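Enquirer: Just so you know, the sequences run in chain order A, B and C. Start counting at 1 in the first sequence, then tack on 63, and there's your number in my numbering. Start counting at 1 in the second sequence, then tack on 27, and there's your number in my numbering. Start counting at 1 in the third sequence, then tack on 395, and there's your number in my numbering. Think of the CB as a built atom: it goes at the ideal place given N, C-alpha and C, for glycine as much as any other residue. Every value quoted in this text rests on a predicted model; they were computed, and no experiment measured them. Once you've had a glance at the structure underneath, I'll fire off some questions.
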Amino acid sequence: MNNSTFSRRRVLKTGAIASAGLALPTYLRADGHTGFTNAPGDNEVILGFNVPQTGPYADEGADELRAYELAVEHLNGGGDGGMLGTFSSKVLDGTGILGREVKYVTGDTQTKSDAARASARSMIEKDGAIMITGGSSSGVAVAVQALCQEAGIIFMAGLTHSNDTTGKDRRANGFRHFFNSYMSGAALAPVLAANYGTDRKAYHLTADYNWGYTTEEAVKSSTEALGWETVNAVKTPLTQTDFSSYIAPVLNSGADVLVLNHYGGNMVNSLTNAVQFGLREAQANGQNFEIIVPLYSRLMAKGAGANVKGIFGSTNWHWSLQDEGSKAFVQSFGTKYGFPPSQAAHTTYVQTLLYADAVTRANSFNPCAVVEALEDYEFDGLGNGKTLYRGADHQCFKDVLVVKGKENPENEFDLLEIVEVTPVEQVTYAPDHPQFAGGDLGTCNPGA
Amino acid sequence: MDQIILQILNGLDKGSAYALIALGLTLIFGTLGVVNFAHGALFMMGAFVAVTVSKLLALSHKVVDETRTDFLGKPLQVDVPYVYDWFGQGAGDTIIDWAVPISILFAIPIMVAIGFIMERGLIKHFYKRPHADQILVTFGLAIVLQEIIKYFYGANPIPTPAPSAFTGSFDFGVAFGFDPNAIIYPYWRLVYFFFSIIVIGAVFAFLQFTTFGMVVRAGMADRETVGMLGINIDKRFTVMFGIAAAVAGLAGVMYVPINPPNYHMGMDFLVLSFVVVVVGGMGSLPGAVAAGFLLGILESFASMSAVINILPGINQIIIYLVAIIILLTRPRGLMGRKGVMEE
Amino acid sequence: MLGLEKKDFRLLLIVVALTMLAPFILNPFPEGSDMAQFNAGYPDLMQRFVIFGILAIGFNILFGLTGYLSFGHAAFLGVGSYAAVWMFKLLSMNVIPAILLSVVIAGVFALIIGYVSLRRSGIYFSILTLAFAQMSYALAYSVLTPLTGGETGLQPKPGDPRILDRALEPGETATPGLFGLFDMRDSLELTVGNWVFTFNAGYYFAAVIMIIAFYMSIRIFRSPFGMMLRAIKSNQTRMSYTGLNARPYTLAAFVISGMYAGLAGGLLVSMDPQAGAERMFWTASGEIVLMTILGGAGTLIGPVLGAGFIKYFENIVSKINKTTLEGWFYWLPDGLEDLVITVIYPFVGKGWHLTLGLLFMLVVIFLPGGLVQGGQKIAAAFTRKKPDDAKSSATEPAE
Chain A
64 MNNSTFSRRR
74 VLKTGAIASA
84 GLALPTYLRA
94 DGHTGFTNAP
104 GDNEVILGFN
114 VPQTGPYADE
124 GADELRAYEL
134 AVEHLNGGGD
144 GGMLGTFSSK
154 VLDGTGILGR
164 EVKYVTGDTQ
174 TKSDAARASA
184 RSMIEKDGAI
194 MITGGSSSGV
204 AVAVQALCQE
214 AGIIFMAGLT
224 HSNDTTGKDR
234 RANGFRHFFN
244 SYMSGAALAP
254 VLAANYGTDR
264 KAYHLTADYN
274 WGYTTEEAVK
284 SSTEALGWET
294 VNAVKTPLTQ
304 TDFSSYIAPV
314 LNSGADVLVL
324 NHYGGNMVNS
334 LTNAVQFGLR
344 EAQANGQNFE
354 IIVPLYSRLM
364 AKGAGANVKG
374 IFGSTNWHWS
384 LQDEGSKAFV
394 QSFGTKYGFP
404 PSQAAHTTYV
414 QTLLYADAVT
424 RANSFNPCAV
434 VEALEDYEFD
444 GLGNGKTLYR
454 GADHQCFKDV
464 LVVKGKENPE
474 NEFDLLEIVE
484 VTPVEQVTYA
494 PDHPQFAGGD
504 LGTCNPGA
Chain B
28 MDQIILQILN
38 GLDKGSAYAL
48 IALGLTLIFG
58 TLGVVNFAHG
68 ALFMMGAFVA
78 VTVSKLLALS
88 HKVVDETRTD
98 FLGKPLQVDV
108 PYVYDWFGQG
118 AGDTIIDWAV
128 PISILFAIPI
138 MVAIGFIMER
148 GLIKHFYKRP
158 HADQILVTFG
168 LAIVLQEIIK
178 YFYGANPIPT
188 PAPSAFTGSF
198 DFGVAFGFDP
208 NAIIYPYWRL
218 VYFFFSIIVI
228 GAVFAFLQFT
238 TFGMVVRAGM
248 ADRETVGMLG
258 INIDKRFTVM
268 FGIAAAVAGL
278 AGVMYVPINP
288 PNYHMGMDFL
298 VLSFVVVVVG
308 GMGSLPGAVA
318 AGFLLGILES
328 FASMSAVINI
338 LPGINQIIIY
348 LVAIIILLTR
358 PRGLMGRKGV
368 MEE
Chain C
396 MLGLEKKDFR
406 LLLIVVALTM
416 LAPFILNPFP
426 EGSDMAQFNA
436 GYPDLMQRFV
446 IFGILAIGFN
456 ILFGLTGYLS
466 FGHAAFLGVG
476 SYAAVWMFKL
486 LSMNVIPAIL
496 LSVVIAGVFA
506 LIIGYVSLRR
516 SGIYFSILTL
526 AFAQMSYALA
536 YSVLTPLTGG
546 ETGLQPKPGD
556 PRILDRALEP
566 GETATPGLFG
576 LFDMRDSLEL
586 TVGNWVFTFN
596 AGYYFAAVIM
606 IIAFYMSIRI
616 FRSPFGMMLR
626 AIKSNQTRMS
636 YTGLNARPYT
646 LAAFVISGMY
656 AGLAGGLLVS
666 MDPQAGAERM
676 FWTASGEIVL
686 MTILGGAGTL
696 IGPVLGAGFI
706 KYFENIVSKI
716 NKTTLEGWFY
726 WLPDGLEDLV
736 ITVIYPFVGK
746 GWHLTLGLLF
756 MLVVIFLPGG
766 LVQGGQKIAA
776 AFTRKKPDDA
786 KSSATEPAE
């Protein structure tokens with residue numbers, strides 16, 4: 064093992080031994096001559112991995128971190144190369160990024176926007192990170208994205224599903240590979256109509272914050288377009304742990320479908336409670352009562368145990384996909400860590416590769432060059448089929464998976480089965496769609 | 028009408044969790060005068076006793092099954108629990124199924140022991156220290172305890188279901204002449220409610236009808252005099268701490284099937300249980316229990332959509348709003364004693 | 396001097412020296428060395444040190460002097476932050492109106508909450524303040540989203556009116572500044588050998604305000620008003636026998652300390668224009684309490700030390716990962732290296748909470764007077780001077 068300290072100013076060590084002088088006034092340590100913030104030296108480049116390491120999403124954050132470490136290993140030529148082999152772009156050759164060895168720093172977002180920004184700022188100001196990525200909630204993604212815009216750093220969002228990230232809070236320096244509430248709704252609705260019929264009355268329980276609002280709106284509008292009726296939509300506090308008082312009235316409300324617009328611990332508890340109250344076996348309006356979870360996460364589904372069986376939802380990616388990219392990624396992740404990657408791990412791995420690829424194609428670390436390289440870029444082989452990074456809002460457009468909790472899991476990771484791969488055309492929307500209105504991408508900011 | 032009955036049931040169920048946790052907290056307040064921020068952590072430890080017991084019961088050895096493959100395409104390793112080997116598959120399944128009730132047997136001695144160690148090793152040195160120091164040390168302890176649990180069990184919730192005999196729900200409505208499905212309630216939540224009534228009753232009976240309880244009550248009222256009578260009150264307070272820990276732990280064990288436990292569940296309940304204790308009135312056990320049920324029922328009513336539609340956000344703040352109103356109209360909460368924690 | 400006793404003036408001078416030289420003091424290790432991980436001399440953390448210092452100083456005026464333990468102080472921080480961001484959005488990116496408004500709004504908020512809460516004392520008071528803060532948090536996160544931004548927080552955006560500022564050029568971002576003289580983010584860098592020191596405009600702006608806030612808190616501690624507050628703490632009943640009504644004094648202390656928190660909130664968004672509801676959650680209020688007790692409640696400098704201590708752990712220890720550890724211990728023999736890393740790893744990175752919790756316990760067990768007492772012990776060991784000098788500068792801990 065070699066001495067692997069990281070500092071962007073390591074170069075200074077060799078030069079300027081006793082030279083003291085005042086540099087120009089700089090903002091967040093931009094290098095005056097390179098024209099952008101934290102320009103890397105000739106030997107190494109530093110990426111900032113900002114993930115939740117404490118708090119309820121710590122396990123998801125830990126999985127993201129594993130994926131980042133794997134991505135760095137592959138970029139530097141280690142391991143089996145993972146998805147580098149299946150990626151449609153072939154400019155990455157395992158020699159780091161533009162010949163510089165990839166190093167990284169980590170931080171803890173605590174799933175709080177304040178803490179996430181503090182951590183991101185320390186990466187930018189202290190460690191000289193050229194790109195920040197990660198996160199497991201939309202609040203954090205929006206906060207860090209805005210910071211990166213101001214600082215002139217590229218932000219590659221991790222797990223963030225709210226429409227706002229690439230909607231009303233979109234920023235030129237920020238990019239999202241993960242799918243969003245609208246896509247979940249658009250992908251789910253036809254499958255639900257096919258399985259449960261078009262004569263359905265839905266009851267929504269919605270987490271009382273931005274992500275909940277956008278998800279409720281998306282699912283509501285897509286299902287109503289197919290003939291469903293929305294009986295009621297009740298907001299539940301984020302800090303709620305016991306949902307019994309929200310679940311209990313559902314069965315007698317005239318509804319025959321319950322939509323749980325919850326994520327993380329909220330989802331685990333509300334789903335568990337709903338099954339406790341016998342909703343899965345109940346009959347209403349002469350039909351079987353059904354429960355729907357618009358955004359599934361395998362890690363969280365594990366927390367709900369057997370309660371997920373037979374329940375529909377959507378997900379960004381799942382390890383059981385059989386395309387070459389997914390197989391390569393599962394193989395290399397599974398070999399290194401002993402269990403399959405989560406969707407959070409997948410999206411963060413892909414984001415790191417996409418960034419490295421964009422820099423290489425642009426032949427520059429300058430954020431504006433990277434933005435240009437990523438905008439309207441089409442690629443394949445990263446597990447989601449043909450994908451487009453749309454220039455108008457920096458959102459990835461790709462197929463969406465509709466999944467169902469598996470009835471007879473083969474092993475502890477085999478919790479979800481893929482019901483349908485919804486083609487990208489069906490989930491594409493206009494950049495100024497009402498659910499995404501009010502945003503202004505602005506122009507890229509290189510910092511200096 | 029059926030909705031109101033349903034929410035009263037919900038309230039009683041929520042309230043029984045609040046009351047159990049608050050009971051232990053107020054015992055420690057009342058007898059020892061210690062502000063215990065680690066009490067939520069004790070609740071969490073109880074829950075993880077149940078998790079641990081169910082994991083131990085399901086402890087398995089690997090058997091390679093050549094006919095199936097795992098996610099990497101290698102032969103699948105099937106877990107076979109040891110209890111299958113010992114008792115056969117049928118009996119083994121039953122034992123694993125009943126893990127949560129079985130863990131009560133383990134939880135009592137374990138939690139009492141944890142309580143003893145905490146009191147003798149740490150808390151007793153803080154009886155004479157200012158409340159601020161007690162807060163700092165118990166808060167530190169709470170963080171340490173939950174980080175230890177996180178280290179071993181991760182941050183995700185761990186599903187630990189009730190015995191299958193108690194899954195599903197009971198249709199009350201039919202029995203009372205309502206439509207089917209109007210008032211149904213899960214069996215395990217009913218179990219939780221009756222369990223908490225029994226525990227609360229047992230603690231009250233213990234304090235009311237035993238000599239030990241009498242001495243402790245005397246000690247709560249006037250510790251110095253009891254000491255001068257030559258009674259070793261310290262020793263009894265240690266036992267009280269053990270009992271409080273056991274009550275919190277049992278609340279945790281039985282809570283596990285209701286919501287999958289995670290390492291920070293104690294912190295989620297901590298603030299709420301402080302509010303319950305204070306609303307009930309410092310130093311009053313019946314007050315804590317009454318406040319627990321009262322806040323549980325009000326919280327349930329506030330979450331009805333008819334109420335939220337009139338007052339948006341009321342479900343977010345109801346507990347705190349009620350706490351403020353009660354504390355302003357009744358200076359020492361519902362049944363507080365004068366002079367306890369008022370300085 | 397400046398109306399201070401010699402001893403207090405000396406303390407003030409020490410604080411001035413420490414804050415002004417902080418970029419040097421906090422960056423003791425050369426760039427690129429293994430120990431550079433422990434450097435804290437970068438703008439964000441330095442700013443946080445002084446801003447949370449202000450918060451703790453203000454909290455100490457209430458808790459240290461009167462003994463009233465507010466468990467909802469984070470609400471004032473949050474309200475101040477929101478007020479300041481709204482000033483950025485509506486009026487100007489100049490920090491002065493933003494900070495003034497945040498102090499005023501927090502003061503008004505404190506007046507209302509204090510008026511109600513101070514009708515009770517002891518733990519009843521604590522729970523009342525907690526209840527108000529939790530209500531503020533819950534509403535700001537959910538139904539007040541149009542006003543607070545909810546989950547995603549409130550930030551200035553390119554399309555905001557900003558009636559006093561000129562329109563933004565395309566691609567320009569609005570950053571908080573002082574009358575266009577300088578931006579809060581401007582920094583000067585000084586390179587001496589392998590060391591790099593960063594002098595950040597925002598930091599010095601906040602540091603000057605902290606020194607003023609500290610000076611004012613000394614004046615309050617030593618004033619007749621401060622004596623009155625201490626009297627309330629030691630025996631409120633006796634005070635009321637002498638015909639004095641304690642309420643106006645405690646309310647004044649509460650409002651002053653709420654305004655300090657609002658000031659901190661305004662400064663926080665001036666350095667980093669984003670306000671999220673989490674900063675009003677009860678854990679944030681609890682953190683303020685912990686800072687004060689950890690440093691030494693009732694002492695002048697203690698709360699500032701406590702604030703620095705907690706923020707240092709949050710920002711430095713949480714960033715140490717396995718690769719960092721491998722970098723430190725690469726020179727050990729392989730087996731031993733793995734062992735050392737396995738032992739240390741649970742305490743750093745994602746385990747930083749564990750370390751913090753253990754340190755809370757150790758400090759309160761071995762240093763009942765907080766970090767200040769630790770400092771005095773060390774000082775006493777070195778100087779062997781008569782200890783009563785140190786004693787009098789540090790008043791007794793709370794209660």
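#1: So is C/Ala526 in contact with chain A if we call contact Cβ pairs under 8 Å?
#2: Could you name the residues of the same chain whose beta carbon sits closer than 6 Å to that of A/Tyr90, not counting the 5 residues immediately before and after it, in chain order?
#3: Please name the residue, chosen from B/Pro186, B/Ile129, B/Ile353, that lies closest to A/Asn370 on a Cα-to-Cα basis.
#4: May I ask you to list the residues that DSSP assigns as paired with A/Thr299?
#5: What's the gap between the Cα of C/Thr568 and the Cα of A/Asn508?
#6: So, is the C-beta of A/Asn508 closer than 8 Å to a C-beta in chain C?
#7: So what's C/Ser582 in DSSP terms, helix, strand or just coil?
#8: Please report how far the alpha carbon of A/Ala337 lies from the alpha carbon of A/Ile310, in whole angstroms.
#9: Going by the beta-carbon positions, is the gap between A/Gly198 and A/Ala192 smaller than 8 Å?
#10: Can you give me the Cβ contacts of B/Val80 inside the same chain, cut-off strictly under 7 Å, excluding the 5 residues immediately before and after it?
#11: Straight-line CA distance for C/Gly697 to C/Gly765?
#12: Quick one: does C/Ser680 have its CB under 8 Å from some CB of chain A?
#13: Considering only residues of the same chain and omitting the five flanking positions on each side of C/Gly502, which have a CB-CB separation below 7 Å?
#14: Kindly indicate if chain C contains any beta-carbon less than 8 Å away from that of B/Asp295.
#15: My understanding is that C/Gly475 touches C/Ile500, with C-beta atoms under 8 Å, so please give their C-beta distance in whole angstroms.
#16: Taking the runs of the alpha helix (DSSP H) that are 4 residues or longer, which of them lie wholly in the segment 139-192 of chain A?
#17: Mapping DSSP to helix, strand and coil, what is A/Arg71?
#18: Quick check: what's the CA-CA separation for C/Thr719 versus C/Pro741?
#19: If you compare alpha carbons, which of A/Met219, A/Arg343, A/Ala436, A/Leu334 is closest to A/Ala364?
#20: Please list the terminal residues of the continuous alpha helix (DSSP H) segment that includes A/Tyr418.
#21: Kindly indicate which residue of B/Ile123, B/Arg156, B/Leu168 has the alpha-carbon position closest to the one of B/Ile141.
#22: What is the rounded straight-line gap between the Cα of A/Gly141 and the Cα of C/Glu732?
#23: Give me the residue from B/Gly60, B/Lys89, B/Asp40, B/Val164 with the minimum Cα distance to C/Gly752.
#24: Alpha carbon to alpha carbon, how far is C/Val498 from A/Asn474? Give it in angstroms, no decimals.
#25: Tell me the DSSP secondary structure of B/Tyr154 in three-state form.
#26: Compute the Euclidean distance between the alpha carbons of C/Asp439 and A/Val207, then round it to the nearest angstrom.
#27: Around the C-beta of C/Thr632, are 16 or more other C-beta atoms found within 10 angstroms, so that it is buried, or is it exposed?
#28: On the DSSP bridge list, what partners appear for A/Gln346?
#29: Helix, strand or coil for C/Ala435 per DSSP?
#30: Give the secondary structure of A/Ile195 by DSSP, where H, G and I count as helix, E and B as strand, and everything else as coil.
#31: Going by alpha carbons, who is nearest to A/Met194 out of A/Gly454, A/Leu417, A/Asp439?
#32: How many Å lie between C/Arg580 and A/Ser185 at the Cα?
#33: Could you spell out the range, first to last residue, of the beta strand (DSSP E) harbouring A/Ile109?
#34: Use the C-beta contact count for C/Leu472: other C-beta atoms within 10 angstroms, 16 or more gives buried, fewer gives exposed.
#35: How far does the beta strand (DSSP E) with B/Asp206 in it extend, from its first residue to its last?
#36: Leaving aside the five residues before and after A/Thr196 along the sequence, list all residues of the same chain whose C-beta is less than 8 Å from its C-beta, in chain order.
Expert: Let me lay it out:
#1: Walking along the third sequence from the start, residue 526 of chain C turns up at place 131. Taking Cβ atoms only, chain A never reaches closer than 8 Å to C/Ala526, which makes this a no.
#2: Within the first sequence, the letter at position 27 stands for residue 90 of chain A. Bear in mind that the predicted position of A/Tyr90 carries a pLDDT of just 41, short of 50, making it unreliable; the figure below should be weighed with that in mind. So no residue of the chain qualifies.
#3: For this step, residue 370 of chain A is matched to residue 307 along the first sequence. Among B/Pro186, B/Ile129, B/Ile353, the Cα nearest to that of A/Asn370 is on B/Pro186.
#4: Here residue 299 of chain A is taken as the residue at index 236 of the first sequence, counted from 1. Paired residues: A/Ala270.
#5: The residue labelled residue 568 of chain C in the question sits at position 173 within the third sequence. The residue labelled residue 508 of chain A in the question sits at position 445 within the first sequence. Rounded to the nearest whole angstrom, the CA to CA distance from C/Thr568 to A/Asn508 is 8 Å.
#6: The residue you call residue 508 of chain A lines up with position 445 of the first sequence. Yes, because at least one Cβ of chain C sits closer than 8 Å to the Cβ of A/Asn508.
#7: Walking along the third sequence from the start, residue 582 of chain C turns up at place 187. In the structure shown, C/Ser582 sits in a strand (DSSP, three-state: E or B).
#8: As a working note, residue 337 of chain A is residue 274 in the first sequence. As a working note, residue 310 of chain A is residue 247 in the first sequence. Rounded to the nearest angstrom, the two C-alpha atoms are 6 Å apart.
#9: For this step, residue 198 of chain A is matched to residue 135 along the first sequence. For this step, residue 192 of chain A is matched to residue 129 along the first sequence. No, they are not a contact pair.
#10: Against the second sequence, residue 80 of chain B aligns to sequence position 53. Excluding sequence neighbours, B/Val80 sits near Ala126, Ile129, Ser130, Phe133.
#11: As a position in the third sequence, residue 697 of chain C is number 302, starting the count at 1. As a position in the third sequence, residue 765 of chain C is number 370, starting the count at 1. Note on geometry: alpha-carbon atoms of C/Gly697 and C/Gly765 lie some 7 Å from one another.
#12: For the purposes of this step, residue 680 of chain C is taken as residue 285 along the third sequence, with counting starting at 1. No, its Cβ sits nowhere closer than 8 Å to a Cβ of chain A.
#13: Within the third sequence, the letter at position 107 stands for residue 502 of chain C. Cβ within range, chain order: Val650, Gly653, Met654, Gly657.
#14: Here residue 295 of chain B is taken as the residue at index 268 of the second sequence, counted from 1. No, its Cβ sits nowhere closer than 8 Å to a Cβ of chain C.
#15: Within the third sequence, residue 475 of chain C is the residue found at index 80, counting from 1. Within the third sequence, residue 500 of chain C is the residue found at index 105, counting from 1. Indeed they touch by this definition, with Cβ atoms about 7 Å apart.
#16: Counting whole runs of 4 or more residues, the segment 139-192 of chain A contains the alpha helix (DSSP H) stretches 176-185.
#17: Position 8 of the first sequence, counted from the start, is the residue given in the question as residue 71 of chain A. Its pLDDT being 36, under 50, A/Arg71 is placed unreliably in this model, and the value from its coordinates should be taken loosely. Coil.
#18: Position 324 of the third sequence, counting from 1, holds the residue named residue 719 of chain C. Position 346 of the third sequence, counting from 1, holds the residue named residue 741 of chain C. Cα-Cα distance, rounded: 13 Å.
#19: The residue you call residue 364 of chain A lines up with position 301 of the first sequence. Nearest C-alpha to A/Ala364 among A/Met219, A/Arg343, A/Ala436, A/Leu334: A/Leu334.
#20: As a working note, residue 418 of chain A is residue 355 in the first sequence. Taken as a continuous stretch (DSSP letters only), the alpha helix (DSSP H) holding A/Tyr418 covers 406-425.
#21: The residue labelled residue 141 of chain B in the question sits at position 114 within the second sequence. Per the Cα distances, B/Leu168.
#22: Residue 141 of chain A sits at position 78 when you count from the first residue of the first sequence. Residue 732 of chain C sits at position 337 when you count from the first residue of the third sequence. If I take the Cα positions, the gap works out to 22 Å.
#23: Within the third sequence, residue 752 of chain C is the residue found at index 357, counting from 1. If we check each option's Cα against that of C/Gly752, B/Val164 comes out closest.
#24: What you label residue 474 of chain A is simply residue 411 of the first sequence in a count that begins at 1. What you label residue 498 of chain C is simply residue 103 of the third sequence in a count that begins at 1. Going by the C-alpha atoms only, they are around 58 Å apart.
#25: On the second sequence, residue 154 of chain B is found 127 positions in, with the first residue counted as 1. DSSP places B/Tyr154 in coil when its eight states are reduced to three.
#26: Counted from its first residue, the third sequence places residue 439 of chain C at position 44. Counted from its first residue, the first sequence places residue 207 of chain A at position 144. Each residue's alpha carbon lies about 14 Å from the other.
#27: By 1-based counting over the third sequence, the position of residue 632 of chain C is 237. Of the residues assessed, C/Thr632 falls on the exposed side of the cut-off, its CB having fewer than 16 other CB atoms within 10 angstroms.
#28: For the purposes of this step, residue 346 of chain A is taken as residue 283 along the first sequence, with counting starting at 1. DSSP output for A/Gln346 lists A/Asn351 as bridge partner(s).
#29: Residue mapping note: residue 435 of chain C aligns to position 40 of the third sequence, counting from 1. Note: C/Ala435 maps to coil in three-state DSSP.
#30: Here residue 195 of chain A is taken as the residue at index 132 of the first sequence, counted from 1. Strand.
#31: Position 131 of the first sequence, counted from the start, is the residue given in the question as residue 194 of chain A. Among A/Gly454, A/Leu417, A/Asp439, the Cα nearest to that of A/Met194 belongs to A/Leu417.
#32: Taking the third sequence and counting its residues from 1, one reaches residue 580 of chain C at position 185. Taking the first sequence and counting its residues from 1, one reaches residue 185 of chain A at position 122. The alpha-carbon atoms of C/Arg580 and A/Ser185 are separated by roughly 13 Å.
#33: Locating residue 109 of chain A in the first sequence gives position 46, counting from the first residue. Counting along the chain, the beta strand (DSSP E) containing A/Ile109 begins and ends at 107-114.
#34: Taking the first residue of the third sequence as 1, we reach residue 472 of chain C at position 77. Taking all protein chains shown into account, C/Leu472 has 16 or more neighbouring C-beta atoms within 10 Å of its C-beta and is therefore buried.
#35: Locating residue 206 of chain B in the second sequence gives position 179, where the first residue counts as 1. B/Asp206 -> no beta strand (DSSP E), and no H or E assigned at all.
#36: Walking along the first sequence from the start, residue 196 of chain A turns up at place 133. Once the five neighbours on either side are set aside, the close Cβ partners of A/Thr196 are Leu110, Gly111, Phe112, Asn113, Tyr131, Phe218, Met219, Ala220, Gly221, Thr411, Gln414, Thr415, Tyr418.
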